[in-house]
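In what follows, a single structure is set out as structure tokens and then discussed.
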Amino acid sequence: MEPTPQKGQQDRRRRQQRKACDLCRRRKVRCDIVDRPSGPCSVCEKSGFECRSTAKWATARRGSTVSRRGYEGDTPSRSPGPSHPDPEPGAVEPRDNNLSLLGPEHNSSQPRTQPGKPSSSELPVSDGQEKLAREGLARFFKHGIGAAAWAVFASTKSFRIAYVGTAVSNLVHLVDLHRSFRQPYSSILGGDQRPLSAPTGPDTHGSFQESAADGSTGSDRIAGGKPLHYPYPPIRQVKSWKPTPSTWGMTQDLVTEVSSFPAQEVRDALVEAYFDHIHPFLPIVSKPEFIARYRTPNNSPPLLLFQSVLMAGAHACSHPLVANDRHAVQNVLFRRASMLYHMRHESDRMHLLQAAALFTWHIGDGDTVAGGPWYWSGIAVRIGCGLGAHRRSSQLPATEMAQYRRCWWSAFFCEVFSALETGRPCAVRAEDIDQQPIRQEDMTDTPGTDTAIDDSPEASPDFLNHLVDLAYIGLDVIALNAPARDRLIDVASIDARLGLWSLRSGISSVAEDDDSWTCHLRMHYNLLLLHLHRNLHETSSQSICSAAAQAIVTSLEKLAARDELRQCHFTSVSAVTAAGIQFAGEIRAAVASQTFLVAINALERLSRLLRSTMMLARHWPNAEAVHSVFEELHHEYETLVTQRLQGEQVMVPESPPDWNRLLGGEGLQQFSNFTSDQDWMNINSWTDLL
3 MEPTPQKGQQ DRRRRQQRKA CDLCRRRKVR CDIVDRPSGP CSVCEKSGFE
53 CRSTAKWATA RRGSTVSRRG YEGDTPSRSP GPSHPDPEPG AVEPRDNNLS
103 LLGPEHNSSQ PRTQPGKPSS SELPVSDGQE KLAREGLARF FKHGIGAAAW
153 AVFASTKSFR IAYVGTAVSN LVHLVDLHRS FRQPYSSILG GDQRPLSAPT
203 GPDTHGSFQE SAADGSTGSD RIAGGKPLHY PYPPIRQVKS WKPTPSTWGM
253 TQDLVTEVSS FPAQEVRDAL VEAYFDHIHP FLPIVSKPEF IARYRTPNNS
303 PPLLLFQSVL MAGAHACSHP LVANDRHAVQ NVLFRRASML YHMRHESDRM
353 HLLQAAALFT WHIGDGDTVA GGPWYWSGIA VRIGCGLGAH RRSSQLPATE
403 MAQYRRCWWS AFFCEVFSAL ETGRPCAVRA EDIDQQPIRQ EDMTDTPGTD
453 TAIDDSPEAS PDFLNHLVDL AYIGLDVIAL NAPARDRLID VASIDARLGL
503 WSLRSGISSV AEDDDSWTCH LRMHYNLLLL HLHRNLHETS SQSICSAAAQ
553 AIVTSLEKLA ARDELRQCHF TSVSAVTAAG IQFAGEIRAA VASQTFLVAI
603 NALERLSRLL RSTMMLARHW PNAEAVHSVF EELHHEYETL VTQRLQGEQV
653 MVPESPPDWN RLLGGEGLQQ FSNFTSDQDW MNINSWTDLL
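Numbering of the sequence shown is given in my numbering, commencing with residue 3 and proceeding in unit increments.
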């Protein structure tokens, strides 16, 4: 019996599957978008997601090349606009630095969305950007490390590259964790014990051999022949060629936007939260002078500094209007402050330094190169060096000297620990600095100023001085992992300095009544121990790393019990990542030696870390990405240990679970449709605030 024409056409489509929407293509499921040209495919309709097809699909032509089939095809006519000719063969194509989760947008070829469903362009900008910050690390862990092509997350014309840094960084160790996770269970049992940073398993990056064949040398790769660069998911949403007010999430003109403030009640709560929880950690602003000007209508604080303080205060504020949409509110306040910064509205360069240092309290998207703490701390120390804030000068007025010391050492600490986290070069050298440590009289701009304005906790110079001493040791840890170091660095001497620091700072003995600042010092100390010793092969180094990871968990739990996780700087996310990597390595080592009771203990410690990490995500959105990675690893290893104890022969999965499926499903926490046009966020008159 001959098939009907309609059935034959359906069979042909089923065989060829020449077109699929972005969601079905990522999930690798069959898509019926061709059969439903006027509406969403059945998968997107059932999931409640926007159905888009942004890839270019080739027409069926005999003799077309593989590259043309993959990335060329007929495109619908477009409205007149700027022409962008394709590059010549062999030319380097520019990368699109603004990618959406689903790839570049197309105008006339985009299918219609469901009635009542907002398109991606109608959603608040902050929602999508935060989504990228929360998902980027997990998507990189699943699909970027073992990718078969550079364009795993987007087309070849718009892929993004991540530099994983030197062996001191967390990303290098996450790559190693992924490589070891892919090994079969039998190879775990047969392998020798070595640090997680050592090369393990087959080279999962064989797909990039073409790059090495084109001139890459041994210096292009880190120790063990591991690549320096990997494909990375989008970090920012795609934007139109010509910006509009909605591009920046603004509903009013630029001047009104940057000079708008929250309502008085909220604004007071933001300022109070800043000086209660942020200022004692990094005393960038002189509290008495700021508060006095804040309460004086005719002598208000500098606009850039004021907006920056409000932004940093949103990180810790407990006011319901802020806490319910913390990251969205902070994004709005950061946008206002950063626009003021880039408009060069502020002429006082010290205020520019202070604002840049305060911006390290914000993570808006997944960009850690042209944004985030490493970017802003680098700007702060560069301005500080230009001002000479890193130098001792007895001729400066007392006010300037106090500002220089507070701001320089705050920026210096941020710069060193952001370089440690990312494995990137530090912008300062120890031999270039001869600035004196801060003293109690340096905590305000005017010596002798009464600091007892209210009952809020005061910043202590000892806390910052301890962090600075630790950062100096961190410079040697960075140098120890430099790809072309020119001097011999003795690990034993670094250990001795760390031991002396531990005794002098008072963190060596743990007490039930430890205050939050002692917990912060202990967490940073143990983070530096992990940065130093996880790359060493000695048995003693592995014991040190195990104890350090446990101490980080204990410190976070104490901070959570005191409701002080809001004080945690970006370094806390680095600490939980480093501790999670250590616990995962211990679980693997225990499975390799078939000491499953030890593995169970390590699983329990990882579980405790996950609980603290989820609470930390209330203040740092990128902590949720860290939680996602290690939660799935915890589940997989727990299943493996359970099956092995039951006598089953098991294998570690060849690849981790489908992170896109997990992160793209209904289980992902969705962000509220917060908009900045709410009345309480837009008071335009300074006198209305008082």
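Each residue gets a CB set at the ideal place from its N, CA and C atoms; glycine is no exception.
> Is it buried or exposed for Q648, if we count other Cβ within 10 angstroms and need 16 for buried?
Replying inline: Counting from 1 along the sequence shown, the entry for residue 648 is found at position 646. The residue is exposed, with fewer than 16 neighbouring Cβ atoms inside 10 Å.
> How many whole angstroms separate the CB atoms of T448 and T520, which I take to be in contact at a CB cut-off of 8 Å?
Replying inline: To locate residue 448, count along the sequence shown from 1; it is residue 446. To locate residue 520, count along the sequence shown from 1; it is residue 518. Going by Cβ atoms, the distance from T448 to T520 rounds to 30 Å, so no, they are not a contact pair.
> Going by DSSP, which residues form a beta bridge with I685?
Replying inline: By one-based count along the sequence shown, residue 685 stands at place 683. I685 pairs with F263.
> So what's V479 in DSSP terms, helix, strand or just coil?
Replying inline: Mapped onto the sequence shown, residue 479 falls at position 477. Reduced to three states, the DSSP call for V479 is helix.
> How long is the line joining the alpha carbons of V430 and L323, rounded to whole angstroms?
Replying inline: By 1-based counting over the sequence shown, the position of residue 430 is 428. By 1-based counting over the sequence shown, the position of residue 323 is 321. Roughly 40 Å separates the two Cα atoms.
> Is it right to say E588 is buried, meaning 16 or more other beta carbons lie within 10 angstroms of its own, or is it exposed?
Replying inline: Along the sequence shown, read from residue 1 onward, the residue named residue 588 stands at position 586. Buried: at least 16 other Cβ atoms inside 10 Å.
> Whose C-beta lies closer than 7 Å to the C-beta of W682 among residues of the same chain, with five residues either side of it excluded?
Replying inline: For the purposes of this step, residue 682 is identified with residue 680 of the sequence shown, where counting begins at 1. Correct list, in chain order: P264, A265, V268, L323.
> Can you tell me the Cα-Cα spacing of T446 and C409, whole angstroms?
Replying inline: Along the sequence shown, read from residue 1 onward, the residue named residue 446 stands at position 444. Along the sequence shown, read from residue 1 onward, the residue named residue 409 stands at position 407. Distance between the alpha carbons of T446 and C409 is about 11 Å.
>> So A358 and A382 are supposed to be a Cβ contact under 8 Å. How far apart are they, rounded?
In response: Position 356 of the sequence shown holds residue 358. Position 380 of the sequence shown holds residue 382. Confirmed, about 4 Å.
>> Going by beta-carbon coordinates alone, are Y296 and M352 separated by less than 9 Å?
In response: In the sequence shown, residue 296 corresponds to position 294, counting from 1. In the sequence shown, residue 352 corresponds to position 350, counting from 1. Not a contact, by the Cβ cut-off of 9 Å.
>> Looking at the secondary structure, which residues open and close the alpha helix (DSSP H) in which F308 lies?
In response: One-based indexing of the sequence shown puts residue 308 at position 306. Element bounds for F308: 305-316.
> Is the Cβ-Cβ distance between V575 and V628 less than 9 Å?
Replying inline: Taking the sequence shown and counting its residues from 1, one reaches residue 575 at position 573. Taking the sequence shown and counting its residues from 1, one reaches residue 628 at position 626. Yes; because the gap between Cβ atoms is below 9 Å, this pair is in contact.
> Taking buried to mean at least 16 other C-beta atoms within 10 Å of its own C-beta, is G208 buried or exposed?
Replying inline: Start at 1 with the first residue of the sequence shown, and residue 208 comes out as number 206. A caution first: G208 carries a pLDDT of 36, below 50, which makes its placement in the model unreliable, though a value can still be read off. It counts as exposed.
> In whole angstroms, what separates the C-alpha of G41 from that of V593?
Replying inline: The residue labelled residue 41 in the question sits at position 39 within the sequence shown. The residue labelled residue 593 in the question sits at position 591 within the sequence shown. Taking the straight line from one Cα to the other gives about 50 Å.
> If you run the structure through DSSP and keep just helix, strand and coil, what is P375?
Replying inline: Looking up residue 375 in the sequence shown gives position 373. P375: helix per DSSP, three-state reduction.
>> For L306 and A494, I'd like the C-alpha separation in whole angstroms.
In response: The residue you call residue 306 lines up with position 304 of the sequence shown. The residue you call residue 494 lines up with position 492 of the sequence shown. Going from the Cα of L306 to the Cα of A494 covers about 45 Å.
> With burial defined as no fewer than 16 other Cβ atoms inside 10 Å of the residue's Cβ, what is the status of S595: buried or exposed?
Replying inline: As a position in the sequence shown, residue 595 is number 593, starting the count at 1. Exposed: under 16 other Cβ atoms inside 10 Å.
>> Taking the alpha-carbon of A619 as reference, which of L505, Y474, Q569 has the nearest alpha-carbon?
In response: As a first step, residue 619 must be located in the sequence shown, where it is residue number 617. The option with the nearest alpha carbon to A619 is Q569.
>> What does the Cβ neighbour count give for A22, buried or exposed, with the cut at 16 atoms within 10 Å?
In response: Within the sequence shown, the letter at position 20 stands for residue 22. Buried is the call here.
>> Going by C-alpha to C-alpha distance, which of R489, A473, I385 sits closest to P439?
In response: On the sequence shown, residue 439 is found 437 positions in, with the first residue counted as 1. Among R489, A473, I385, the Cα nearest to that of P439 belongs to A473.
> Would you call the stretch 413-420 and the stretch 369-385 in contact, with 3 or more CB pairs under 8 Å?
Replying inline: yes
> What's the C-alpha gap between T258 and R337?
Replying inline: Here the question's residue 258 lines up with position 256 in the sequence shown. Here the question's residue 337 lines up with position 335 in the sequence shown. T258 and R337: Cα-Cα distance of roughly 13 Å.
> Would DSSP call H468 helix, strand or coil?
Replying inline: Numbered from its first residue, the sequence shown carries residue 468 at position 466. In the structure shown, H468 sits in a helix (DSSP, three-state: H, G or I).
> When burial is assigned at 16 or more other CB atoms within 10 Å of the CB, is L502 buried or exposed?
Replying inline: Position 500 of the sequence shown holds residue 502. L502 is exposed by the Cβ-count criterion.
> For the alpha helix (DSSP H) that H279 lies in, which residues bound it at each end?
Replying inline: Sequence index remark: in the sequence shown, residue 279 carries index 277 (1-based). Note, H279: premise wrong, no alpha helix (DSSP H); not H, not E.
> In three-state DSSP terms, what is Q584?
Replying inline: The sequence position of residue 584 within the sequence shown is 582, counting from 1. Looking at Q584 - three-state DSSP - the assignment turns out to be helix.
> At what residues does the alpha helix (DSSP H) containing S55 begin and finish?
Replying inline: Walking along the sequence shown from the start, residue 55 turns up at place 53. Careful: S55 lies outside any alpha helix (DSSP H) and carries neither H nor E.
> Of the residues A577, L599, H522, R393, which one's Cα is nearest the Cα of T615?
Replying inline: What you label residue 615 is simply residue 613 of the sequence shown in a count that begins at 1. Closest option to T615, Cα to Cα, is A577.
>> Measuring straight from C-alpha to C-alpha, what distance separates E559 and H364?
In response: Translated into positions along the sequence shown, residue 559 becomes position 557. Translated into positions along the sequence shown, residue 364 becomes position 362. Their Cα atoms are separated by approximately 23 Å.
>> Restricting to Cα atoms, I'd like to know which of H175, E433, Q680, R613 is closest to A562.
In response: Counting from 1 along the sequence shown, the entry for residue 562 is found at position 560. Comparing Cα positions, the closest option is R613.
> How is W519 classed by DSSP in three states: helix, strand or coil?
Replying inline: Counting from 1 along the sequence shown, the entry for residue 519 is found at position 517. Looking at W519 - three-state DSSP - the assignment turns out to be helix.
> Taking Cβ to Cβ, would you say L531 is nearer than 9 Å to G476?
Replying inline: The residue labelled residue 531 in the question sits at position 529 within the sequence shown. The residue labelled residue 476 in the question sits at position 474 within the sequence shown. Their beta carbons are not under 9 Å apart, which means L531 does not touch G476 by this criterion.
> Between A404 and F465, what straight-line distance do the alpha-carbon atoms span, to the nearest angstrom?
Replying inline: Residue 404 sits at position 402 when you count from the first residue of the sequence shown. Residue 465 sits at position 463 when you count from the first residue of the sequence shown. Their backbone Cα atoms lie some 16 Å apart in a straight line.
>> Rounded to the nearest angstrom, what separates L694 and Q680 at their Cα positions?
In response: Outside the shown range of the chain (3 to 692) lies residue 694, about which nothing can therefore be said.
> Going by Cα to Cα distance, which pick from D434, V273, E514 is closest to R394?
Replying inline: Translated into positions along the sequence shown, residue 394 becomes position 392. Selected option, being the one with the closest Cα: D434.
> Do E348 and P304 have their C-beta atoms closer together than 9 Å?
Replying inline: Start at 1 with the first residue of the sequence shown, and residue 348 comes out as number 346. Start at 1 with the first residue of the sequence shown, and residue 304 comes out as number 302. For E348 and P304, yes; Cβs fall inside 9 Å.
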